[in-house]
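J.:
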Amino acid sequence: MMTIQNFKFELLPKLYGIKSDSSPAKFKIKNIKLYETWEPNPKHHSISKELGDYRICFEKSVKTTKELQNAHFEILELIGEIDRAWLYATGHPLTKKDFAFMAPILSFPGVQIPGWTSNYDEIENDINRGKTHIKISSRNVHHSILSYWPLERAIEIREKYLHALDHIKALIDLHFFALKVDNGYAMLFFLAKGLELVRSILPGKDNFIKEKHLPEDVINTLHNSFHFNLGLSNTRYEIRHAVKDPKNSTLHPKLSNNELESFKNDADLIIRAVVAMELDVPLCVPNRN
C-alpha cells in the first residue's frame, strides 16, 4: 500500500499585527492548500504588544518521488506569484525586509563582507581588554500592523496579475525585482526601467500631463515631479547612464543622499500607483517612517 505524505512549505514568521475580526483565510489552488496563521509572541512586546508571528503554509499530498518533485516546483511558482501580489496587498514583498528600502548605502566597521572572514572583533576585544568601553550593535526589524488578513487580498491581486497585459506584468516584475535586490545600484536601475515603462502607460503628450493622471494624493506625496525623476534616472551615474559626454568620457554626477532617498520614494510610489490603477486594486503604501 502506497503511503500518502503531506509536503509543506512554510513561511518563516513575519512580525505582523492583525487588527481584524474576520477569520484567517484558507484556499486551494491547483490541489495546493494554502492558509495563514498568527499567534502572539511576547518577544515582540518591546516593539508593540499587538505584534505576533504571522505565517503562510502551502501543503500538497504526494505519493511518489515524481509527485514530490512536481509539487516542489508547483509550490515555488505559486510562492513567486503570491510574493508579487504581496507587494500590493501589504506594501512590501513577502520575503524581503522593506525596512532597508529607504536606508542610505552605509558600511560599519566589523561587519562581515560576504565571502570573506575577518578578525576585527577579536582584535577589538584584545585592544579593549580591561578597559571600560561600549560596544554597539544594531538590527533592523521590520513589522507591519494590518487591519485585515492579507492572504485573501493577495490571492485576489495574484489572479489579476495573471490576467494582466504583458506590459503591466513587466512593470510589476521590475518593481518586484527592485525591492527584492540588495539596497544598491540594481534597485535604482530596476526602478528607473519601471519609470520608463510608466511613461509609456500614462496618457498624455508630455510628462507633466502624464503626471496629472496619477491619484492626487500620490502627486501631493512626491518629493519631486514625475518629469524630474525621469530626468534624474538618466543623468546620475548610479542609475541608467554612466557617461555624460562620450567624446571625452565625462561621467554623470553621482546622486546626493537627498536625491537617493527622494528618487527611491518617488519611483516606488509612482510605479505602485500605476499598478494599482491598472489592476483596479486599492493603493497600498508602506509606512517607512
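If you use the working numbering, the sequence shown closes out at 367, no skipped numbers anywhere. The C-beta atom is built at its ideal place from N, Cα and C for all residues, glycine as well. Model, not experiment: these values are computed from the prediction.
(1) Output the boundary residues of the beta strand (DSSP E) element that contains L93.
(2) Less than 6 Å between C-beta atoms, sequence neighbours within five positions excluded: which residues of the same chain meet that for K97?
(3) So does the segment 239-255 actually touch the segment 292-299, counting three or more Cβ pairs closer than 8 Å?
(4) Assess, as a yes-or-no matter, whether the segment 327-339 is touched by the segment 285-293 under the definition of 3 or more beta carbon pairs within less than 8 Å.
(5) What residue from N302, H220, T173 and I107 has the CA that sits closest to V259's CA?
(6) Which of the three DSSP states is assigned to Y113 in this structure?
(7) Hey, could you find the ends of the alpha helix (DSSP H) V359 is sitting in?
(8) Could you check what DSSP says for I125 in three-state terms: helix, strand or coil?
(9) What residue ranges within the segment 294-347 form continuous beta strand (DSSP E) runs of no fewer than 3 residues, ordered along the chain?
(10) Suppose contacts are defined by Cβ-Cβ distances below 8 Å. Is K271 in contact with P281 by that definition?
(11) Assuming I82 contacts L112 under a Cβ cut-off of 8 Å, what Cβ separation, rounded to an integer in Å, is found between them?
(12) Around the C-beta of P120, are 16 or more other C-beta atoms found within 10 angstroms, so that it is buried, or is it exposed?
(13) Check this for me: beta carbons of P171 and F254, under 8 Å apart or not?
(14) In the structure shown, what three-state DSSP assignment does D244 receive?
T.: Result, derived from the coordinates:
(1) K92 to I96
(2) Excluding sequence neighbours, K97 sits near S225.
(3) no
(4) no
(5) T173
(6) Y113 falls in the strand class under three-state DSSP.
(7) No alpha helix (DSSP H) holds V359; DSSP gives it neither H nor E.
(8) coil
(9) 321-323
(10) no
(11) I82 to L112, Cβ: 19 Å. No contact.
(12) So P120 counts as exposed.
(13) Yes, these two residues count as a Cβ contact at 8 Å.
(14) Assignment of D244 by DSSP, reduced to helix, strand and coil, places it in the helix class.
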